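Enquirer: The listed protein sequences derive, respectively, from chains A and B. Okay, so the first sequence: first residue is 1197 according to the working numbering, each after it adds one. Okay, so the second sequence: first residue is 1197 according to the working numbering, each after it adds one.
2 protein chains.
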Amino acid sequence: MAQSNPPFMSGVPELLLLRLLDDKEMYGYELVRSIRDVTNEAISLGEGVIYPVLHSLERNGSLKSKRKAVGGRTRVYYAVTKKGRDRLAKLQSDWARIQGGVSTALEGASA
Amino acid sequence: MAQSNPPFMSGVPELLLLRLLDDKEMYGYELVRSIRDVTNEAISLGEGVIYPVLHSLERNGSLKSKRKAVGGRTRVYYAVTKKGRDRLAKLQSDWARIQGGVSTALEGASA
DNA sequence: TGAAATACCTATTAGTTCGAGGTATCTTCG
DNA sequence: CGAAGATACCTCGAACTAATAGGTATTTCA
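Now the structure itself:
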């Protein structure tokens, strides 16, 4: 991993994409902006991160896509499958566990 | 990264080690158990994770070590340096940002 | 006309966690 | 006494994956 957003990002792109797409179908370019929005600017993922994850999720059956022509441009919309929802559930529970563990650890105040 | 604990672990070992050592000096083997404890079993890191991170933190000046012989065995105690405290502060703020962003994103209920 | 936004995509780099394996000493128990 | 297990250190190789940079093409707006 090369930094930027830095640490603590592993698994985050996948989680966010599944979470957003679980609400409604979206296309890649839209997801890039959407992630900035829903995280309140806290997390920003470039297209170079989004597209590969989208493709890999589709390959493993978590997403399915369909192309739509919109005013000369082509958009690829992604939707979550049953498998994707399962994957999302697992990621959410993993996230909850790690997040909880770190929070607990950080709390034991050093002050 | 090979899984196990799985996703969401990048940067976590470094953060936890610095956080624990900021409270008091400890040695590697002790840290392995300590992390299990302070995270309430949520996170468990093997020696194969701990030692390399410890070494790399020492190399970049975030930690300093001293050996102590304790009943025939040798323990290597690590303490946080000024640089390590700065690094810890940065990691904590990064963590807060990412954690906050993900939480916000996950909340927009899909129900 | 030209710049910026929209929209897609890939290859390379680099950082790092994880598992497995290895040495050696001390303690405990049968 | 001998064996097993805990203590304590360490390294190597594999696997994963985020980030950057670069690339194409169309539409919109000054």
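We treat Cβ as the ideally placed atom computed from N, Cα and C, and that holds for glycine. If you're wondering where the values come from, they're calculated on a predicted model, not measured in any experiment.
Is there contact between the segment 1214–1226 of chain B and the segment 1209–1226 of chain A, where contact requires at least three CB pairs shorter than 8 angstroms?
Expert: Not touching, per the Cβ criterion.
Enquirer: For the beta strand (DSSP E) containing Leu1250 (chain B), list its first residue and its last residue.
Expert: Leu1250 (chain B) -> not in any beta strand (DSSP E); alpha helix (DSSP H) instead, spanning 1243–1255.
Enquirer: Can you pull the chain B residues whose beta carbon is under 7 angstroms from the beta carbon of Leu1259 (chain A), in chain order?
Expert: Within chain B, no residue comes near Leu1259 (chain A); the closest Cβ sits about 15 angstroms away, beyond 7 angstroms.
Enquirer: Do the segment 1284–1302 of chain B and the segment 1224–1244 of chain A make contact, defined as three or more Cβ pairs closer than 8 angstroms?
Expert: Yes, since at least three Cβ pairs between the segment 1284–1302 of chain B and the segment 1224–1244 of chain A fall closer than 8 angstroms, the two stretches touch.
Enquirer: Can you give me the C-alpha to C-alpha distance between Tyr1247 (chain B) and Val1266 (chain B), rounded to a whole angstrom?
Expert: So the two alpha carbons sit approximately 19 angstroms from each other.
Enquirer: Can you pull the chain B residues whose beta carbon is under 9 angstroms from the beta carbon of Ala1285 (chain A), in chain order?
Expert: Here the premise fails: no neighbours, minimum Cβ distance about 11 angstroms.
Enquirer: Taking C-beta to C-beta, are Arg1263 (chain A) and Val1272 (chain A) nearer than 7 angstroms?
Expert: In contact: Arg1263 (chain A) and Val1272 (chain A) (Cβ atoms closer than 7 angstroms).
Enquirer: Per the DSSP calculation, Thr1270 (chain A) is bridged to which residue(s)?
Expert: Thr1270 (chain A) is bridged to A:Ala1265.
Enquirer: Decide if Gly1257 (chain B) is buried, meaning its Cβ has at least 16 other Cβ atoms within 10 Å, or exposed.
Expert: Exposed, by the Cβ-count rule.
Enquirer: If you measure beta-carbon to beta-carbon, which residues of the segment 1238–1256 of chain B are closer than 8 angstroms to chain A?
Expert: Per Cβ criterion, the list reads Ala1238, Ile1239.
Enquirer: Gly1207 (chain B) to Leu1250 (chain B), Cα distance in whole Å?
Expert: If you take the alpha carbons of Gly1207 (chain B) and Leu1250 (chain B), they lie about 13 angstroms apart.
Enquirer: State yes or no: is the C-beta of Ala1275 (chain A) within less than 7 angstroms of the C-beta of Lys1286 (chain A)?
Expert: Going by C-beta atoms, Ala1275 (chain A) is not nearer than 7 angstroms to Lys1286 (chain A).
Enquirer: Whose C-alpha, out of A:Thr1235, A:Leu1284, A:Thr1277, A:Glu1243, is nearest the C-alpha of Gln1295 (chain B)?
Expert: The candidate whose alpha carbon is nearest that of Gln1295 (chain B) is A:Thr1235.
Enquirer: Kindly list the residues whose CB is nearer than 6 angstroms to the CB of Glu1210 (chain A), restricted to its own chain and excluding five residues on each side of it in sequence; keep chain order.
Expert: Excluding sequence neighbours, Glu1210 (chain A) sits near Val1249.
Enquirer: Keeping to the same chain, check which residues put their C-beta closer than 8 angstroms to that of Asp1290 (chain B); ignore five residues upstream and five downstream.
Expert: Contacts found: Gly1207.
Enquirer: By Cβ distance, which residues of its chain are closer than 6 angstroms to Arg1283 (chain B), with the 5 residues on each side in sequence left out?
Expert: Here the set comprises Ser1258.
Enquirer: Does chain B have any CB closer than 7 angstroms to the CB of Leu1212 (chain A)?
Expert: True, the Cβ-Cβ gap to chain B drops below 7 angstroms.
Enquirer: Measure from the C-beta of Thr1300 (chain B) to each C-beta in chain A and report whether the shortest distance is under 7 angstroms.
Expert: Interface residue, yes.
Enquirer: How far does the alpha helix (DSSP H) with Ile1239 (chain B) in it reach, from first residue to last?
Expert: From DSSP, Ile1239 (chain B) is part of no alpha helix (DSSP H); its letter is neither H nor E.
Enquirer: For Ser1289 (chain B), which residues in chain A fall below 9 angstroms Cβ to Cβ?
Expert: None at all; the shortest Cβ gap to chain A is about 11 angstroms.
Enquirer: If we ignore side chains and look at the alpha-carbon of each, how far apart do Pro1203 (chain A) and Thr1277 (chain A) end up?
Expert: Between Pro1203 (chain A) and Thr1277 (chain A), the C-alpha separation is close to 29 angstroms.
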